[in-house]
Amino acid sequence: GDMARNLLNVEPSHEFEGRKDTEPDEHRAQRLTEEADLALLLVEPARSAMRSAGVESVFDDIELPLAPILAEMERTGIAVNVSALKGLSDGFDQAIRDVEAVVHSLAGEKFNIASPKQLQAVLFDKMGLKAGRKTKSGYSTDSTALEQVAAEMVSNGQDPAIVAGILEFRELTKLKATYTDALLNLVDPNTGRVHTTFNQTVAATGRLSSSDPNLQNIPVRTGIGRKIRRAFIPGPGKVLLSADYSQIELRVLAHYTEDPELLRAFREDEDIHRITASRIFGVPEDAVTPDQRRDAKTVNFAVLYGQSDFGLSAQLKIPRAEAKRYIEQYFERFPSVKDYIARTVVEARETGFVRTLSGRRRPVPEVNDRNFNIRNFGERAAVNSPIQGTAADIIKVAMIRLREELRKLGDPAVMLLQVHDELVLEVPPEQLESMSHLLREVMENAWPLNAPLKVDVKHGENWDEMA
DNA sequence: ACGATCACGTA
DNA sequence: AACGTACGTGATCGTG
9 GDMARNLLNV EPSHEFEGRK DTEPDEHRAQ RLTEEADLAL LLVEPARSAM RSAGVESVFD
69 DIELPLAPIL AEMERTGIAV NVSALKGLSD GFDQAIRDVE AVVHSLAGEK FNIASPKQLQ
129 AVLFDKMGLK AGRKTKSGYS TDSTALEQVA AEMVSNGQDP AIVAGILEFR ELTKLKATYT
189 DALLNLVDPN TGRVHTTFNQ TVAATGRLSS SDPNLQNIPV RTGIGRKIRR AFIPGPGKVL
249 LSADYSQIEL RVLAHYTEDP ELLRAFREDE DIHRITASRI FGVPEDAVTP DQRRDAKTVN
309 FAVLYGQSDF GLSAQLKIPR AEAKRYIEQY FERFPSVKDY IARTVVEARE TGFVRTLSGR
369 RRPVPEVNDR NFNIRNFGER AAVNSPIQGT AADIIKVAMI RLREELRKLG DPAVMLLQVH
429 DELVLEVPPE QLESMSHLLR EVMENAWPLN APLKVDVKHG ENWDEMA
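First residue of the first sequence? That's 9 in this note's numbering, and the numbers climb one at a time after it.
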């Protein structure tokens, strides 16, 4: 629609945006006919636009060959254990009722815990608990705010049970509504499989996105959430095979910065978070404590995303001055990272966009905005996009090469999912060994960087066993 | 029925 | 645009 307006000066008679799953057949036929017609008319103008932007090879060598692979993955789908999901849904339902009753009892009244507005009224007005951060329409009740309320209660000698109950209610209702129930509604009753849509033109950085259902945000962090992941299974007589890039974004950072310390660490396959901890805390590597390593890991990501001392202090629950020291120490020890950030921002300011290794462009007009906050947002996006986008380029190229290798071998395995740094395949057990080897080779060699790429391969009878 | 808001799941 | 990037989805609640 936008391309027709911009390049052809034509106003499409049908709406191209919005969800199409409830569209009447006649309307769909009309719309698709017009889309096909406009697509043909757009070939030459789009080609010219891509040539001027220097992104023809991104289109020809990455996005175009990737499209049929994604279509194939969507058509294949992934099997789910329907009875396990139903069991989970029922279990969640009972647990929600139980915790709901507890919360209502502790509050001394019935109310809708899922309504932030009602929740605020109960916690901050009726019970008189100390409110923290504000939102547009009142006080925040998100998990961070509630954790702080609980901590405050404990230090005042109060029982924080109601807060714990609310957080448990949130986790359970989230899992039931967004995952078990939504997934059950989207299982093809004939095949027992779910078929996502991989969106190729949504994310500004070049990542894919997944929708209806989103299979790129299936829970993995909590024990209860992982029960949902356990319901994703191989088809009959098959095994799931998963390969994920180890710390790909930090390796891309090492590539761009050419930082000698980062490059050495990755070339010698050392523990990068331990190295960072050693440098920012000024201790020998073998003296790094688990807590220091965990905080260093947070600092590594903070740098990648351009986090401020304010944000880092909140995340690590340390004073702002201390967070500031960590960041300063980081840049002192890894000066080439500081240089990289500076020159990327300059490039963005001068050209209005940044590029990934493949030449993919992300416009960042915000970097020249007069508003401080908008400008800062643009600078963070400008620094992060080449990193995130290059990682996206690499896994896309790996998918294209992998598909080609599989074809040569007579399709002994099929790709099911891509989750940004992970590929999930379905393979006959007798092919496990050869496919694991192939997957690692193709992914690790998809694109040569100054720092080596590392891939971990796992297999299992469900998607959780491999996490 | 729709959109804004809040919240929260993933990399 | 909101003191960390990139996404998608669901419930609530106000508006139409």
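Here a beta-carbon is modelled for each residue, glycine too, at the ideal position from N, C-alpha and C.
Predicted, not measured: the structure shown is a model, and the values here were computed from it.
Roughly how many angstroms separate the alpha carbons of residue i and residue j, rounded to a whole number?
i, j, result
"residue 250", "residue 70", "22 Å"
"residue 45", "residue 463", "43 Å"
"residue 190", "residue 427", "19 Å"
"residue 273", "residue 262", "10 Å"
"residue 128", "residue 101", "24 Å"
"residue 338", "residue 154", "31 Å"
"residue 311", "residue 94", "42 Å"
"residue 75", "residue 208", "8 Å"
"residue 25", "residue 140", "Confidence is the limiting factor: at residue 25 the pLDDT is only 47, short of 50, which leaves the residue's position unreliable, though a coordinate-based value still follows. Rounded to the nearest angstrom, the two C-alpha atoms are 39 Å apart."
"residue 50", "residue 13", "11 Å"
"residue 234", "residue 196", "22 Å"
"residue 343", "residue 295", "24 Å"
"residue 245", "residue 198", "18 Å"
"residue 469", "residue 213", "33 Å"
"residue 271", "residue 456", "14 Å"
"residue 467", "residue 440", "8 Å"
"residue 280", "residue 354", "28 Å"
"residue 309", "residue 299", "16 Å"
"residue 32", "residue 38", "10 Å"
"residue 92", "residue 451", "33 Å"
"residue 20", "residue 113", "57 Å"
"residue 168", "residue 47", "59 Å"
Could you have a look at residue i and say whether DSSP puts it in helix, strand or coil?
i, result
"residue 337", "helix"
"residue 248", "strand"
"residue 227", "coil"
"residue 81", "helix"
"residue 426", "strand"
"residue 25", "Note on residue 25: pLDDT 47, under 50, position unreliable in the model; no value is reported."
"residue 326", "coil"
"residue 434", "strand"
"residue 466", "strand"
"residue 254", "coil"
"residue 240", "strand"
"residue 119", "coil"
"residue 318", "helix"
"residue 362", "strand"
"residue 392", "helix"
"residue 215", "coil"
"residue 207", "strand"
"residue 167", "coil"
"residue 459", "coil"
"residue 14", "helix"
"residue 291", "coil"
"residue 331", "helix"
"residue 137", "coil"
"residue 398", "helix"
"residue 387", "helix"
"residue 233", "helix"
"residue 417", "coil"
One question on the structure: do residue i and residue j come within less than 8 Å of each other, judged by their Cβ atoms?
i, j, result
"residue 390", "residue 372", "yes"
"residue 265", "residue 345", "yes"
"residue 4", "residue 377", "Any property of residue 4 remains undetermined from this structure, which presents the chain solely from 9 to 475."
"residue 282", "residue 293", "yes"
"residue 327", "residue 362", "no"
"residue 423", "residue 77", "yes"
"residue 432", "residue 447", "no"
"residue 104", "residue 182", "no"
"residue 215", "residue 475", "no"
"residue 81", "residue 206", "yes"
"residue 211", "residue 217", "yes"
"residue 352", "residue 397", "no"
"residue 248", "residue 97", "no"
"residue 111", "residue 62", "no"
"residue 179", "residue 230", "yes"
"residue 435", "residue 421", "yes"
"residue 223", "residue 40", "no"
"residue 349", "residue 256", "no"
"residue 459", "residue 409", "no"
"residue 146", "residue 125", "yes"
Per DSSP, residue i is paired with what?
i, result
"residue 124", "Paired residues: none, contrary to the question."
"residue 201", "87, 196"
"residue 146", "143"
"residue 371", "361"
The region 236-245 / the region 80-100 touching (three or more Cβ pairs under 8 Å): yes
The region 330-349 in contact with the region 270-289 per 3-pair CB rule at 8 Å: yes
Cβ contact check for the region 44-61 and the region 149-163: 3 or more pairs under 8 Å: no
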